[in-house]
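Below is one structure; the comments refer to it alone.
Number of protein chains: 2
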Amino acid sequence: MCPSPGTEGVERGYVIPIGGAEEKLSNPTILEKFVKLCGGENCRIIVIPTASQLDETGPTYVDLFHELGAGDVVSMPIESRSDAKREDYLSELKAADGVFITGGNQLRLSTILGGTPVAQAIRWLNAHGTHIAGTSAGAAIMPEHMIVGGGGGSTPTEDGVTLAPGLGLTNSFIIDQHFRQRDRLGRLLSALSYNPFVTGIGLDEDTAAFIDADGVFEVVGSGAITVVDPSGLEYSSMGHVQAGDPVSLIGLKMHVLADGGCFDSRIRVANMP
Amino acid sequence: MCPSPGTEGVERGYVIPIGGAEEKLSNPTILEKFVKLCGGENCRIIVIPTASQLDETGPTYVDLFHELGAGDVVSMPIESRSDAKREDYLSELKAADGVFITGGNQLRLSTILGGTPVAQAIRWLNAHGTHIAGTSAGAAIMPEHMIVGGGGGSTPTEDGVTLAPGLGLTNSFIIDQHFRQRDRLGRLLSALSYNPFVTGIGLDEDTAAFIDADGVFEVVGSGAITVVDPSGLEYSSMGHVQAGDPVSLIGLKMHVLADGGCFDSRIRVANMP
Chain A
217 MCPSPGTEGV
227 ERGYVIPIGG
237 AEEKLSNPTI
247 LEKFVKLCGG
257 ENCRIIVIPT
267 ASQLDETGPT
277 YVDLFHELGA
287 GDVVSMPIES
297 RSDAKREDYL
307 SELKAADGVF
317 ITGGNQLRLS
327 TILGGTPVAQ
337 AIRWLNAHGT
347 HIAGTSAGAA
357 IMPEHMIVGG
367 GGGSTPTEDG
377 VTLAPGLGLT
387 NSFIIDQHFR
397 QRDRLGRLLS
407 ALSYNPFVTG
417 IGLDEDTAAF
427 IDADGVFEVV
437 GSGAITVVDP
447 SGLEYSSMGH
457 VQAGDPVSLI
467 GLKMHVLADG
477 GCFDSRIRVA
487 NMP
Chain B
217 MCPSPGTEGV
227 ERGYVIPIGG
237 AEEKLSNPTI
247 LEKFVKLCGG
257 ENCRIIVIPT
267 ASQLDETGPT
277 YVDLFHELGA
287 GDVVSMPIES
297 RSDAKREDYL
307 SELKAADGVF
317 ITGGNQLRLS
327 TILGGTPVAQ
337 AIRWLNAHGT
347 HIAGTSAGAA
357 IMPEHMIVGG
367 GGGSTPTEDG
377 VTLAPGLGLT
387 NSFIIDQHFR
397 QRDRLGRLLS
407 ALSYNPFVTG
417 IGLDEDTAAF
427 IDADGVFEVV
437 GSGAITVVDP
447 SGLEYSSMGH
457 VQAGDPVSLI
467 GLKMHVLADG
477 GCFDSRIRVA
487 NMP
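As given, the protein sequences belong to chains A and B, one line each in that order.
Per the numbering used here, the first sequence starts with residue 217, numbered consecutively.
Per the numbering used here, the second sequence starts with residue 217, numbered consecutively.
Written out as structure tokens, the structure reads:
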């Protein structure tokens with residue numbers, strides 16, 4: 217699904233995928249920046265802990281965001297598709313400056329939220345200025361095409377990745393997370409070789425892409441983001457390779473960007489400050 | 217060390233790094249091709265099992281190469297630097313059409329062979345037409361700069377790789393092995409960012425690069441070779457990053473090549489048949 221069309225003259229909110237395991241106590245740079253972006257003490261942040269099956273996930277983030285100075289933080293424990301239609305939840309969402317989607321299982325997120333009024337509300341909100349952050353599974357769900365799973369290792373294969381429709385907050389990027397920690401280059405390359413129109417970003421843990429309304433992101437955090445740009449692809453064997461066999465890809469461009477690095481998806485150019 | 221200069225009019229032998237765990241029984245494509253290249257039933261192959269500490273490693277490869285039709289195969293169990301000076305070994309080596317260096321520990325290889333008459337003989341032989349193959353540690357030792365170790369994961373770091381001088385059979389490539397299986401992109405990128413003059417090749421298991429006298433290689437085997445070409449590097453933070461921190465790299469080119477794919481290191485161009 218493409219991002220919600222938005223309204224002329226109204227700036228879109230940031231889309232902020234985080235690679236999982238973001239620092240919460242000693243140096244919570246990413247979460248701090250998110251709270252500040254939302255407006256600090258005057259802001260309202262909604263936490264959606266649907267991906268997680270632990271009762272404490274929502275309240276933990278509520279406490280965290282309060283400690284970081286957010287004025288009003290609410291956890292919205294959407295557990296089922298009928299929860300995702302609740303009128304009280306929808307009116308709570310309306311006033312949100314920021315939405316934070318926690319980690320867990322991204323298929324749980326997409327099966328519970330997909331196509332519901334809450335999903336529509338999140339899409340609409342983002343198109344009208346609300347910032348949406350998500351960590352781990354909450355990052356995976358953000359793009360039009362979501363990576364559900366796949367084998368480890370650096371070599372792409374025909375069956376090396378499973379995709380599902382995501383929330384569609386961006387269609388410029390395909391997002392993988394826990395990237396360095398779980399050896400996911402191969403599955404990101406598999407996803408890109410299915411259809412090389414997007415840019416792939418692999419987010420290390422404790423590392424976020426703050427993607428602005430123009431599709432330009434800045435890297436924040438202690439790890440790096442691996443950017444794979446397949447726009448110059450000269451050859452791919454994805455169309456005729458046997459299941460399980462490695463896929464040949466010629467002409468990929470790659471950047472590794474640490475904190476402060478930027479990438480402009482419109483012109484596919486990376487730079488460092 | 218640069219490759220041995222060779223003699224005008226005499227073609228160099230192939231340099232054949234293999235990513236480890238090459239198929240030996242049901243479909244030994246790589247070893248078969250090596251034997252054929254050496255001359256089949258008329259050839260002499262010397263096996264150097266120095267990297268391994270298992271007594272059966274040498275004899276196992278001797279049996280294998282015999283089964284694959286090699287005429288004369290000898291294991292040369294060099295266990296010490298004094299072994300690497302033995303006159304009988306040096307005269308046996310003289311008549312070799314092929315040398316095969318087994319897997320094990322590449323530091324054992326470099327500490328025992330480095331600078332000895334056997335190492336000089338291998339370099340001279342390759343410059344005068346003898347094909348040198350090596351698997352795993354035996355592949356790592358081949359280039360001028362050998363990857364000894366480093367952490368897993370896809371992100372390069374300042375201390376992400378340990379290098380040591382290798383045999384110097386090629387200075388066009390830096391070679392990593394068990395690439396997909398052991399998640400080694402980060403350490404290959406670390407090595408390349410130290411000095412981006414070479415091309416990095418990451419060899420999957422059961423996958424070989426047959427590098428010819430002109431520095432062109434063909435991929436043979438069931439996996440893939442990840443080629444990282446840093447010649448267009450626009451930015452690297454390697455020079456000023458803190459130990460352990462991720463290194464930013466902008467402008468890498470990457471290809472993934474399966475069986476039949478080729479790469480020409482002189483012009484840094486990849487293609488598929």
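Quick reminder that beta carbons are idealized off the backbone N, C-alpha and C, glycines included.
Keep in mind that this is a model prediction, so the values were computed, not measured.
Quick one: what does DSSP say residue i is sitting in, helix, strand or coil?
i, result
"SER452 (chain B)", "strand"
"ILE338 (chain A)", "helix"
"LYS252 (chain A)", "helix"
"LEU465 (chain B)", "strand"
"THR378 (chain B)", "strand"
"PRO359 (chain B)", "strand"
"LEU401 (chain A)", "helix"
"GLY354 (chain A)", "helix"
"THR245 (chain B)", "helix"
"ILE483 (chain A)", "coil"
"THR215 (chain B)", "Lying outside 217 to 489, the shown extent of chain B, residue 215 (chain B) is not represented and no answer is given."
"ALA343 (chain A)", "helix"
"THR373 (chain A)", "strand"
"PRO233 (chain B)", "strand"
Can you list the residues of chain B that residue i reaches, using a CB-CB cut of under 9 Å?
i, result
"PHE426 (chain A)", "Result: empty, since nearest Cβ-Cβ is about 16 Å, beyond 9 Å."
"ALA474 (chain A)", "THR371, SER453, VAL457, ASP461, PRO462, VAL463 and SER464"
Using a cut-off of 9 Å between C-beta atoms, extract the partners of residue i located in chain A.
i, result
"ASP420 (chain B)", "GLY369, SER370, THR371 and PRO462"
What does residue i touch in chain A if you count any residue whose Cβ is under 7 Å from its own?
i, result
"LEU341 (chain B)", "Near LEU341 (chain B) there are no residues of chain A at all, since even the closest Cβ is about 32 Å away, more than 7 Å."
"GLY285 (chain B)", "In chain order: nothing, as chain A lies at least about 28 Å away."
"ALA486 (chain B)", "ILE466"
"GLY477 (chain B)", "SER464"
Residues of chain A with CB closer than 8 Å to the CB of residue i, please, in chain order.
i, result
"ALA355 (chain B)", "Per Cβ cutoff of 8 Å: no residues; ALA355 (chain B) is ~17 Å from chain A at best."
Please list the partners that residue i has in chain B, where partner means a Cβ-to-Cβ separation under 8 Å.
i, result
"LEU468 (chain A)", "LYS469, MET470, HIS471 and VAL472"
Which of the residues in the segment 434–445 of chain B, read from start to end, lie with their CB under 7 Å from any CB of chain A?
-> GLY439, ALA440 and THR442
Tell me the start and end of each unbroken beta strand (DSSP E) in the segment 256–312 of chain B that is at least 3 residues and wholly inside, in chain order.
-> Segments of the beta strand (DSSP E) lying fully in the segment 256–312 of chain B: 260–264 and 288–291.
Within the chosen definition, does the segment 423–432 of chain B reach the segment 402–409 of chain B through at least 3 CB pairs nearer than 8 Å?
-> Contact check between the segment 423–432 of chain B and the segment 402–409 of chain B: fewer than three CB pairs, one atom from each, fall below 8 Å, which does not count as touching.
Closer than 8 Å, Cβ to Cβ, to anything on chain A: give me those residues from the segment 380–409 of chain B, in chain order.
-> PHE395, ARG396, GLN397, ASP399, ARG400, LEU401, GLY402 and LEU405
Unbroken stretches of the alpha helix (DSSP H), 4 residues or longer, contained in the segment 393–448 of chain B = 395–398 and 401–410
How do the segment 354–373 of chain B and the segment 392–400 of chain A stand: do at least 3 beta-carbon pairs fall below 8 Å, yes or no?
-> Yes, the segment 354–373 of chain B touches the segment 392–400 of chain A.
Please name the residues in the segment 238–256 of chain A whose beta-carbon is closer than 7 Å to at least one beta-carbon of chain B, in chain order.
-> none
Looking at C-beta atoms only, is the number of pairs between the segment 293–310 of chain B and the segment 328–337 of chain B that lie closer than 8 Å three or more?
-> yes
Flag this pair as touching only if the segment 224–233 of chain B and the segment 339–347 of chain B have three or more C-beta atom pairs under 8 Å; answer yes or no.
-> yes
contact_flag[the segment 318–325 of chain B, the segment 459–475 of chain A] where n(CB pairs < 8 Å) is 3 or more | no
Inspect the CB distances between the segment 277–291 of chain B and the segment 458–469 of chain A and report whether three or more fall short of 8 Å.
-> no
Would you check if there are 3 or more beta carbon pairs closer than 8 Å linking the segment 306–320 of chain B to the segment 250–269 of chain B?
-> yes
For the segment 445–453 of chain A and the segment 417–424 of chain A, state whether three or more C-beta atom pairs, one from each stretch, are separated by less than 8 Å.
-> At 8 Å Cβ cutoff, the stretches do not touch.
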